[in-house]
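Enquirer: One structure, as structure tokens, below. Some questions next.
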Amino acid sequence: MANPTDLKAKEEAHWAKTSRLMFTHLGIWFFFGFVIHMFVKPLNNIVIPILGFPLGFYMAAQGSLIAFVVMLFVFAKQQDKIDREFGFAEED
Amino acid sequence: MATQGAATSDFIKNLGRMYGTYTGGFLAFIILLALLEQVGVPNKILGYLFVFFTLAVYAIIGVMTRTAEVSEYYVAGRRVPAFYNGMATGADWMSAASFVGMAGTLFLLGYDGLAWVLGWTGGFVLVSILIGPYLRKFGAYTVPDFLSFRYGGNFARLLGVIVLVACSFTYVTAQIYGTGIIASRFLGMQFELAVFAGLVGILLCAMLGGMRAVTWTQIAQYIVLIIAYLTPIIILSTMKYGIPIPELTYGQAIVDITAREQQMLATGLATPAALKPHIQPFINYSPLNFFAIIMCMMVGTASLPHILMRYFTTPSVREARQSVAWSLLFIFLLYFSAPAYAAFSKLEVYTNIIGRDLTAIRPWLFSWGELGLIQICGKNAASIDAVIAACKAIADHPGVVRLQDFVINTDVIVLSTPEIAGLPYVISGLVAAGGLAAALSTADGLLLAIANALSHDIYYKMIDPNAPTIRRLTVARALLVGVAVVAAATAATKPGDILAMVGWAFSLAMAGNFPALVMGVWWKRTTATGAICGIIAGFGLCLFYLVTTRYFPGAGVKYFGMTSLLNPVTGAPVVDIAKAMAAPNAMESFPTLAHPLANKVGWFNLNNIACGLLGAPLGFAVIYIVSKLGREPSAEMQAYVDEIRKPRGRTVLEEKTT
Chain A
331 MANPTDLKAK
341 EEAHWAKTSR
351 LMFTHLGIWF
361 FFGFVIHMFV
371 KPLNNIVIPI
381 LGFPLGFYMA
391 AQGSLIAFVV
401 MLFVFAKQQD
411 KIDREFGFAE
421 ED
Chain B
27 MATQGAATSD
37 FIKNLGRMYG
47 TYTGGFLAFI
57 ILLALLEQVG
67 VPNKILGYLF
77 VFFTLAVYAI
87 IGVMTRTAEV
97 SEYYVAGRRV
107 PAFYNGMATG
117 ADWMSAASFV
127 GMAGTLFLLG
137 YDGLAWVLGW
147 TGGFVLVSIL
157 IGPYLRKFGA
167 YTVPDFLSFR
177 YGGNFARLLG
187 VIVLVACSFT
197 YVTAQIYGTG
207 IIASRFLGMQ
217 FELAVFAGLV
227 GILLCAMLGG
237 MRAVTWTQIA
247 QYIVLIIAYL
257 TPIIILSTMK
267 YGIPIPELTY
277 GQAIVDITAR
287 EQQMLATGLA
297 TPAALKPHIQ
307 PFINYSPLNF
317 FAIIMCMMVG
327 TASLPHILMR
337 YFTTPSVREA
347 RQSVAWSLLF
357 IFLLYFSAPA
367 YAAFSKLEVY
377 TNIIGRDLTA
387 IRPWLFSWGE
397 LGLIQICGKN
407 AASIDAVIAA
417 CKAIADHPGV
427 VRLQDFVINT
437 DVIVLSTPEI
447 AGLPYVISGL
457 VAAGGLAAAL
467 STADGLLLAI
477 ANALSHDIYY
487 KMIDPNAPTI
497 RRLTVARALL
507 VGVAVVAAAT
517 AATKPGDILA
527 MVGWAFSLAM
537 AGNFPALVMG
547 VWWKRTTATG
557 AICGIIAGFG
567 LCLFYLVTTR
577 YFPGAGVKYF
587 GMTSLLNPVT
597 GAPVVDIAKA
607 MAAPNAMESF
617 PTLAHPLANK
627 VGWFNLNNIA
637 CGLLGAPLGF
647 AVIYIVSKLG
657 REPSAEMQAY
667 VDEIRKPRGR
677 TVLEEKTT
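So the sequence lines, in the order shown, correspond to chains A and B.
The numbers in the working numbering rise by one with no breaks, and the one at position 23 of the first sequence is 353.
The numbers in the working numbering rise by one with no breaks, and the one at position 340 of the second sequence is 366.
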């Protein structure tokens, strides 16, 4: 094991990066979960071509859901990358 | 040990083939039943075959995966791959309310109903980024395990168990109730009998194998429920629009609905008061309540023990994260289809029922009318004659069905879609089997969460820490049966608040668990006293708000300054408080839902279902302040928190497994 101060510094750097990633995703989550639906009325004036959905309705029924699913897969990758960078990831 | 390890990896490797074969077998079974229907086997027999065949499969899996090992019983040996755990979580998550009720809610509420769709999906983001993977690294068997370790012992554990039981018990009761509804409707069984039949199915899955058995049956149940949910609507979309992707084609249905709404208003088929335009936001919930419901359902998702404990079963922290993503993908498949059910049904009702001459009503609805689930002109729409007689009794009735004449129970939307599309009965049977799978799988997960908390946390950790394995598992199984029987007995009495209680469970979980779990991982400075005070304050406030507004509304107004909730469209109070308080029954306790004040008073115009929005912020604040006032947690505890944050290495908590 490396000396204790080294490990401590590494842990802190790892956690700073992890926290940053968490806040980024928390922000995106808040945007798709709440902010965008606050503008549902103006968005409903836009109609998605061919499909016919009003955009505000579509975002609540599908758009945000798709964003959540994609976010989760991306988050799993990003967090794993951070863990690997600091040598804190589990063996494959 | 070595041979067992090899057998296990073989088992994992073969999962794809096993569940692939199972799915193929299920499809072949559907085709077989379709053929039987063609040669004239009566519907009732087909319904029974569907239900008993699927129940038998779950029971066989449950018995085959029985176990006598503690870690298998509590966390499925921690070797469920991310993908399969995602499927199991999907089934665990999607309850009878999601399968049968969600589309109906969207039918009734239009845009505002999407609060539930958003709330019941977005929470998984919080599970993954804030809590789930860290609890996996910690190595808990139950959520109270973590609270006890992090917050200094058995008092925190006891609080965790109280929160867990409070939010899981009503929820499981609702699932067993749902089982009873589906079985009684499709098999014509008596409701009480159906409840206990469902109970046997649940116990067969969960009792012998605990988490291990529940995991592998939930995967089988997910496959049944998703096929059952998507099949009718894919066929309907293909028939109507020529494209088998209902999630895309229902945009056209929404355009048609909006046009038809205008037309109905213009021709006097609907009054502006009765018509709630499908895409218009905030006419059923005020914006505050709309967003409050989203927030409470999302945060509640990340705090419900039966969901969190599913991520204890993955082989690694990395797979726990991937597994959350798979879970949401599998859940998404159902939730983004629910609005399509609502739109197609609404279009059918608006074009083929509303505005029709009474003598020309499409016959699919009479079988639901007989059961009292569809009413026209205030009477059950059991036949054309009944409808005509009922409407004649109304003065100046024009002889065609108007919007305000038509009342539909929300459960009917999904269940009737096969008939609306004119599909053979076999599809209806399939939908019933899917609804049953949804209810059973959720009930399994919840029962296990409750029974595990009682057997592991209360019995083993608090009463008899030296209990041998055999006795621990025996106690766990006995408690499982006990809790199940109590839940079924409660469901059999058909309690009036049962469906609202599912929503309450999320708020209670949010207020009780979320602040303590998040702060425990993300703020090392959180002290035991702080967390304990925070749980009591947050959970207490939420519970107080719920109980007062529902069961003691008079006292809420008189002593706690509660006021009437407001109508979301007009902004006017929904009850005249002065008049209601002057009435003789104003201070009545435990009033029925018909009481003028029940569920209609509160603070800040906040529906009681969103009481977590009061409790959780208070919980965070109390934890922060009390922790700041106390001494910093020990260096040892802070080192443990560091351990939880790093995926590599051993779990913090090492359970004695033998």
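Even for Gly, the Cβ is constructed at its ideal location relative to N, Cα and C.
Less than 7 Å between C-beta atoms, sequence neighbours within five positions excluded: which residues of the same chain meet that for A408/B?
Expert: Counting only Cβ-Cβ distances below 7 Å, and skipping sequence neighbours, we find F392, G395, E396.
Enquirer: Name, please, each residue of chain A whose Cβ falls closer than 7 Å to the Cβ of D668/B.
Expert: What D668/B touches in chain A: E341.
Enquirer: When Cβ atoms are compared, which residues of the region 360-384 of chain A fall closer than 9 Å to chain B?
Expert: So the list reads F362, G363, F364, H367, M368, V370, K371, N374, V377, I378, I380, L381, G382, F383, P384, given in the order they occur along the chain.
Enquirer: Counting only beta-carbon atoms, is Y361/B nearer than 8 Å to chain A?
Expert: Yes, Y361/B lies at the interface with chain A (some Cβ there is under 8 Å from its Cβ).
Enquirer: Quick check on the DSSP output: the alpha helix (DSSP H) that includes I651/B runs from which residue to which?
Expert: Where I651/B is concerned, the enclosing alpha helix (DSSP H) stretches over 638-655.
Enquirer: Using CA atoms only, rank isn't needed, just tell me which of K418/B, M90/B, P307/B is closest to F37/B.
Expert: If we check each option's Cα against that of F37/B, M90/B comes out closest.
Enquirer: Suppose you measure from the CA of L256/B to the CA of E681/B; what does that come to, to the nearest Å?
Expert: So the two alpha carbons sit approximately 42 Å from each other.
Enquirer: Taking the Cβ atom as the reference point for each residue, do A513/B and F195/B lie within a distance shorter than 8 Å?
Expert: In this structure, F195/B lies closer than 8 Å to A513/B by Cβ.
Enquirer: Should I71/B go down as buried or exposed, given a rule of 16 or more other Cβ atoms within 10 Å for buried?
Expert: Exposed, because fewer than 16 other Cβ atoms sit within 10 Å of the Cβ of I71/B.
Enquirer: Are the CB atoms of A351/B and V153/B nearer to each other than 8 Å?
Expert: No; because the gap between Cβ atoms is not below 8 Å, this pair is not in contact.
Enquirer: Under a three-way DSSP split, which group does K405/B fall into?
Expert: The answer is strand: DSSP assigns K405/B an E or B state.
Enquirer: T297/B to D431/B, Cα distance in whole Å?
Expert: Spanning the two alpha carbons is a distance of roughly 11 Å.
Enquirer: For the putative contact between V189/B and L534/B, defined by C-beta atoms under 8 Å, what is the C-beta separation to the nearest angstrom?
Expert: That belief holds up - the Cβ atoms of V189/B and L534/B are roughly 7 Å apart, short of 8 Å.
Enquirer: Taking 6 Å as the limit between beta carbons, can you name the residues of its chain near G178/B, skipping five residues before and five after?
Expert: Contacts found: A554.
Enquirer: Looking only at DSSP bridge pairs, what is L592/B linked to?
Expert: Per DSSP, P599/B.
Enquirer: F353/A: buried (16+ other C-beta within 10 angstroms of its C-beta) or exposed?
Expert: Per the 10 Å Cβ criterion, exposed.
Enquirer: Return helix, strand or coil for I376/A, following the three-state DSSP convention.
Expert: In this structure, I376/A counts as coil in the three-state DSSP scheme.
Enquirer: Check whether the region 425-444 of chain B touches the region 120-139 of chain B, taking contact to mean three or more Cβ pairs, one atom from each stretch, closer than 8 Å.
Expert: Segments in contact, yes.
Enquirer: In chain A, which residues lie with their C-beta within 7 Å of the C-beta of M324/B?
Expert: Per Cβ cutoff of 7 Å: G363.
Enquirer: What is the rounded straight-line gap between the Cα of I358/A and the Cα of L351/A?
Expert: Their Cα atoms are separated by approximately 11 Å.
Enquirer: Any chance you could list the alpha helix (DSSP H) runs of at least 4 consecutive residues sitting entirely within the region 304-328 of chain B, in chain order?
Expert: Runs of the alpha helix (DSSP H) inside the region 304-328 of chain B: 313-327.
Enquirer: Could you have a look at F432/B and say whether DSSP puts it in helix, strand or coil?
Expert: F432/B: strand per DSSP, three-state reduction.
Enquirer: Would you say R676/B lies against chain A (beta-carbon separation less than 8 Å)?
Expert: Output row for R676/B: interface = no.
Enquirer: Taking the alpha-carbon positions, what's the I86/B to A299/B distance?
Expert: Those two C-alpha atoms are separated by around 53 Å.
Enquirer: From Y276/B to G587/B, what does the alpha carbon distance come to, in whole angstroms?
Expert: Distance between the alpha carbons of Y276/B and G587/B: 46 Å.
Enquirer: At 8 Å on the CB atoms, spell out the chain A contacts of A351/B, in chain order.
Expert: Chain A residues near A351/B: V399, L402, F403, F405, A406.
Enquirer: Using a Cβ cut-off of 9 Å, pull out every chain B residue sitting near D336/A, in sequence order please.
Expert: Within chain B, no residue comes near D336/A; the closest Cβ sits about 14 Å away, beyond 9 Å.
Enquirer: Taking the CB atoms as reference points, tell me whether A366/B and E287/B lie closer together than 8 Å.
Expert: For A366/B and E287/B, no; Cβs fall outside 8 Å.
Enquirer: Checking the sheet assignment: what are the DSSP bridge partners for I400/B?
Expert: Answer is I434/B, bridged to I400/B.
Enquirer: Taking 8 Å as the CB-CB cut-off, is Q348/B touching chain A?
Expert: For Q348/B, the answer is yes, since a Cβ of chain A falls inside 8 Å of its Cβ.
Enquirer: Taking beta-carbon pairs under 7 Å, can you tell me which members of the region 291-308 of chain B lie near chain A?
Expert: So the list reads I305, P307, given in the order they occur along the chain.
Enquirer: Can you tell me which residues form a DSSP beta bridge with P384/A?
Expert: P384/A is bridged to V377/A.
Enquirer: Compare the C-beta of E415/A against all C-beta atoms of chain B and say whether one is closer than 8 Å.
Expert: Judged by the 8 Å Cβ criterion, E415/A is not in contact with chain B.
Enquirer: Looking at Y167/B: is its Cβ nearer than 8 Å to the Cβ of H482/B?
Expert: Yes, these two residues count as a Cβ contact at 8 Å.
Enquirer: If we ignore side chains and look at the alpha-carbon of each, how far apart do V221/B and G214/B end up?
Expert: For V221/B and G214/B, the distance between alpha carbons rounds to 13 Å.
Enquirer: Is the beta carbon of P673/B closer than 8 Å to that of D413/A?
Expert: Yes.
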